[in-house]
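Everything on this sheet refers to the single structure shown next.
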Amino acid sequence: AQSVTQLDSHVSVSEGTPVLLRCNYSSSYSPSLFWYVQHPNKGLQLLLKYTSAATLVKGINGFEAEFKKSETSFHLTKPSAHMSDAAEYFCVVLGSGGSYIPTFGRGTSLIVHP
Amino acid sequence: DAGITQSPRHKVTETGTPVTLRCHQTENHRYMYWYRQDPGHGLRLIHYSYGVKDTDKGEVSDGYSVSRSKTEDFLLTLESATSSQTSVYFCAISDATLAGSYEQYFGPGTRLTVT
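Chains as they are written, first to last, in this note's numbering: chain A, 910 to 1023; chain B, 339 to 453.
Here's what the structure looks like:
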């Protein structure tokens, strides 16, 4: 069984300040973890992924996420928010063992103020 | 960008009419998925396919059927559309990568309104 919880439904930051979007997961197997971004009226785009290699994962547009097994977390960060980062972000978990059906979090809406 | 297209992109239909949405991929990926996205519910899996003619139900499959006669095409049919099926529908594809993960790639979505 696998599940994912995004701890904040909305996060509001000012442009130029750090971004932290929180995600906790549970999985019976060593998981793969993903963050997706969805801009308004668009499809989902893969931001970054963890697949049991390095625990600190770098993605597109300056985003990073750190896999912490002891905390079952995979939080998404960015040092400095840009207006174009305003979007919906989804944390996704996929158990190993040949599973190809991921579980999505409910999403976190990132609001960036000028 | 992964080669995934969805058609139509927008559709308005009346209650009780059949509707078919098409997902087409050029990546030769084995797995294909249909999701619906509604405010407050995130993405919910309707049906998925793990090969030609191999499909299975997701968490919200009632009222929907699918078919996959070719690797590249995955069709979603609403046999008799209802207002509760007004939603944005996303197709996704995946396959095993060298790292063994199955990240998904999404189409642009179809906005369906049932009046």
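Where is the CB? At the ideal position from N, CA and C, for every residue including glycine.
Residue i, DSSP secondary structure in three states
i, result
"A/D917", "coil"
"A/G971", "helix"
"B/D433", "coil"
"B/S405", "strand"
"B/S422", "helix"
"B/S400", "As written in the sequence, residue 400 of chain B is Asp, which differs from the Ser given in the question. Note: B/D400 maps to coil in three-state DSSP."
"A/A982", "Reading off the sequence, residue 982 of chain A comes out as Ser, not Ala. Three-state result, A/S982: strand."
"A/S993", "helix"
"B/Q442", "coil"
"A/I1010", "coil"
Closer than 7 Å to chain B by CB, residue i
i, result
"A/R1015", "yes"
"A/G968", "no"
"A/Y1009", "yes"
"A/S939", "no"
"A/K958", "yes"
"A/L1003", "yes"
"A/F983", "no"
"A/F976", "no"
"A/F972", "no"
Nonlocal neighbours in the same chain, by C-beta distance under 8 Å from residue i, ignoring five residues either side
i, result
"A/S937", "A910, Q911 and G1004"
"A/D917", "L930, R931 and T1017"
"B/G341", "Q363, T364 and E365"
"A/V920", "V928, L929, L930, T1017, S1018, L1019 and I1020"
"B/T351", "V357, A419, L450, T451, V452 and T453"
"B/K408", "V390"
"A/T981", "N933, Y934 and S935"
"B/L381", "Y373, R374, Q375 and F428"
Contacts around residue i, its chain only, beta-carbon distance under 6 Å, and the 5 residues preceding and following it disregarded
i, result
"B/K349", "L450"
"A/S941", "T960 and L1003"
"A/P968", "Per the sequence shown, the amino acid found at residue 968 of chain A is Gly instead of Pro. Cβ neighbours of A/G968 beyond the five flanking positions: L956 and L957."
"B/A430", "Y371, Q442 and F444"
"A/F976", "Y959, T964 and F983"
"B/D376", "S425"
Beta-carbon spacing of residue i, residue j below 7 Å
i, j, result
"B/T355", "B/A434", "no"
"B/H379", "B/V404", "no"
"B/R368", "B/G389", "yes"
"B/M370", "B/S387", "yes"
"B/L383", "B/G396", "yes"
"A/V966", "A/A995", "no"
"B/T424", "B/V452", "yes"
"A/A990", "A/T914", "no"
"A/P1011", "A/E924", "no"
"A/G971", "A/K987", "yes"
Cβ separation of residue i and residue j, assumed to be a contact under 8 Å, to the nearest whole Å
i, j, result
"A/G1014", "A/C932", "6 Å"
"A/A934", "B/S432", "The displayed chain sequence assigns Tyr, not Ala, to residue 934 of chain A. Actually they do not touch by this definition, with Cβ atoms about 18 Å apart."
"B/L413", "B/R360", "6 Å"
7 Å Cβ shell around residue i - same chain, five flanking residues per side excluded
i, result
"A/L955", "F943 and Y945"
"B/T343", "H362 and G445"
"B/G447", "Q344, V426, Y427 and F428"
"B/E410", "H362, Q363 and T364"
Cβ of residue i within 7 Å of any chain A Cβ
i, result
"B/P446", "yes"
Residue-level contact to chain D via CB, residue i, 7 Å cutoff
i, result
"B/T358", "Of the protein chains in the structure, A and B, none is chain D."
Distance cut-off 6 Å: residue i Cβ against heavy atoms of the ligand GDP
i, result
"B/E352", "In the structure shown, the ligand GDP is absent, as is every other ligand, since no ligand is present at all."
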